[in-house]
Amino acid sequence: MSWCANQLGNSRIAAGASEAGGLRNVRRQAGRAVSAGRRWRKQTAGELQLSRLLGDARHADRAGNIYRAVTIQSSAVRIVVELHAESPGDRHLAQLLGGVQYDLAALCHRAGDLTAAVSALNAGEQIYAALVDQLPAAAGRLADVRIRRGVVHAAQGHGVSALADVRAALGGPQAADPAAAGPDGLRVLALGGDVLAAFGDPDLALVTVDNAVRAGLRSLAAPGTVRVGAAAAPHPGYLARACRVAAVLRRARGPAETARARRLAAAADRLGAVPAATVVEQRLAGPNPPDLTLGLAAALRAAERHGGDPRTSACLLAALDSPHSGPAQVPAARLSAMLTRLAGEVLTGDLAVGMRLLLEAHCLRTAPATPAGPARAHAVEPADLTWARLLHTASRRLAAAGDTGLAVDLAGWAARAAQDLTGADSTDLAAALFAAECARTHAELAPSPAVGPARRRRGVPLKALPC
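For any residue, its number in our numbering is found by taking its place in the sequence shown, counting from 1, and adding 166.
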């Protein structure tokens, strides 16, 4: 085992990472796991410096100096980038780089610098996507990176981006049997179900968290405990989160599910690691709470009452295998076009129904071309101007409803879609004018990037964020 692999064990947040984002137990367990097979050799100056920086970042984190830990971890990332540039074909170095980027994202998330956390996770996604064909274990890490990025986007209120990440993670190579995929599978299901409940299809969210609960129960040795002695032991916080989200979803379904919801909530409390607030609970407390009874099938049935074409609704309903299985046996491009058209007809009449249809179309349009591939931007097609206008209209409607985070996210996606059009045909004056309008809307809605750093410089404490 190389020195880089040893360092990876100390930097990678793996199976035992806690909901609070702490790295201590994982690094300690991973360090013990690799120490038995370590083959000592003389380290280079860069390796010695990296080892020292990783230790300093760990100590700063333990001491509660999160901002110092972020600074030191950033320096460690720069060193690994240089080492990887010298040996781009070294898989151990690639894994090390993915691990330190992941750790940096966790630290930035806890420090409240969500933009930096997303940037670090973007870099990690590229690394693990390139490793999937060479290392089977990279598939689980790729899904983990995507699901973490979805949680960070959700913390920003950027539900459109969060859904793209979650659907990409749930559609990864391990999705065939996520319950058997170990801690990565449980973590992806629990966090993914939470984000889906907040922004996506509540029917799909319930199926996802139910699968997470079943996967978590397999790891329990006794009530309130988790089997230990292996890196495969998941942290009970993920099972607690899944139980809590399932309780919220079932409670919303009415009196028939009340008793089951109560049992799930009690189980989450007994696990002793319940997060301060799940993503869906934070969303429910916001200015534009989700309708947890409005799944995709329900939205399609409601579309006709709000100005939608009944033939389009009927066609889409026929394409569903069941209320929560999603469209099947129909090309994604055709489904997306029909959903886009229907959402445009409904959005002015009912914002909730229109957004449910829009978000489903968005998930279809941004699905990775391959499981290991990145989420796609909008393809440049004749219908893209219609799609960009729909995103822009929805952004304006949400801003008026007080949902600034989701409005900013939609405005950003609209601006990118419009920019794609102007890049494809610079002579299209209408597209160019619309792209400028989208850019202005995004600039008006987006918060000033100087707010966060200014608060940190003044020493004002930031709200703790779940990781």
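The beta-carbon is built from N, C-alpha and C at its ideal position, and this holds for glycine as well.
Keep in mind that this is a model prediction, so the values were computed, not measured.
Proximity of the stretch 372 to 385 to the stretch 440 to 456 falls short of the contact definition, fewer than three beta-carbon pairs being nearer than 8 Å.
Among the bridge pairs identified by DSSP, L219 is matched with none.
In the DSSP assignment, Q292 falls within the unbroken alpha helix (DSSP H) covering 280 to 297. A328: member of the alpha helix (DSSP H) spanning 325 to 336, first to last residue.
Counting every other CB atom within 10 Å of its CB across the protein chains shown gives D435 a total below 16, marking it as exposed. Going by C-alpha positions, A612 is about 28 Å away from P368. Separation of I293 and A305 (C-alpha to C-alpha, rounded to the nearest whole angstrom) is 11 Å. The straight-line gap separating the alpha-carbon atoms of G473 and V512 is approximately 6 Å. Here V445 has A320, D360, V361, A364 as same chain residues with Cβ atoms under 6 Å from its own Cβ, once five neighbours each way along the sequence are excluded.
Contact between the stretch 248 to 255 and the stretch 267 to 275 is absent, with fewer than three C-beta pairs closer than 8 Å. By the Cβ-count criterion, G290 is buried, with 16 or more other Cβ atoms from all chains shown falling within 10 Å of its own Cβ. Separation of A583 and L576 (C-alpha to C-alpha, rounded to the nearest whole angstrom) is 10 Å.
Nearest to A356 by alpha-carbon distance, out of G323, P402, S327, A330, is P402.
Out of E447, Y233, R429, R380, the CA that lies nearest to the CA of V411 is found in E447. Straight-line measurement puts the Cα of V243 at about 32 Å from the Cα of D586. Annotation for L599: the continuous alpha helix (DSSP H) segment containing it runs 595 to 611. Annotated three-state conformation of Q585 is helix, per DSSP. Contact between Q322 and G571 holds: their C-beta atoms lie close to 6 Å from each other, under 8 Å. Under the 10 Å beta carbon count, H225 is surrounded by fewer than 16 other beta carbons and is classified as exposed. Judged by their CB atoms, A277 and R312 are not nearer to each other than the 8 Å cut-off. Going by C-alpha positions, L517 is about 8 Å away from R563.
In terms of Cα proximity to T552, the closest of G230, A601, G515 is A601. In this structure, the alpha-carbon of A286 lies about 7 Å from that of Y268. Secondary structure note for A431: its alpha helix (DSSP H) is the uninterrupted segment 424 to 437. For N377, the enclosing alpha helix (DSSP H) begins and ends at 368 to 383. Between A480 and L508, the C-beta spacing is not below 8 Å. The beta carbons of L336 and C529 sit no closer together than 8 Å. For a cut-off of 8 Å, the C-beta gap from R234 to Q300 is around 36 Å, too long to register as a contact.
Counting other Cβ atoms within 10 Å of its Cβ, L352 reaches 16 or more and is therefore classed as buried. Straight across, the Cα-Cα distance linking V574 with E610 is about 9 Å. For E470, there is no enclosing alpha helix (DSSP H), as DSSP marks it with neither H nor E.
Straight across, the Cα-Cα distance linking G382 with A598 is about 51 Å. About 13 Å separates the Cβ atoms of I245 and G221, ruling out a contact at the 8 Å cut-off.
In this structure, DSSP gives T237 a helical state, which the three-state scheme calls helix. Contact between G366 and L525 holds, since their C-beta atoms are separated by about 6 Å, short of 8 Å.
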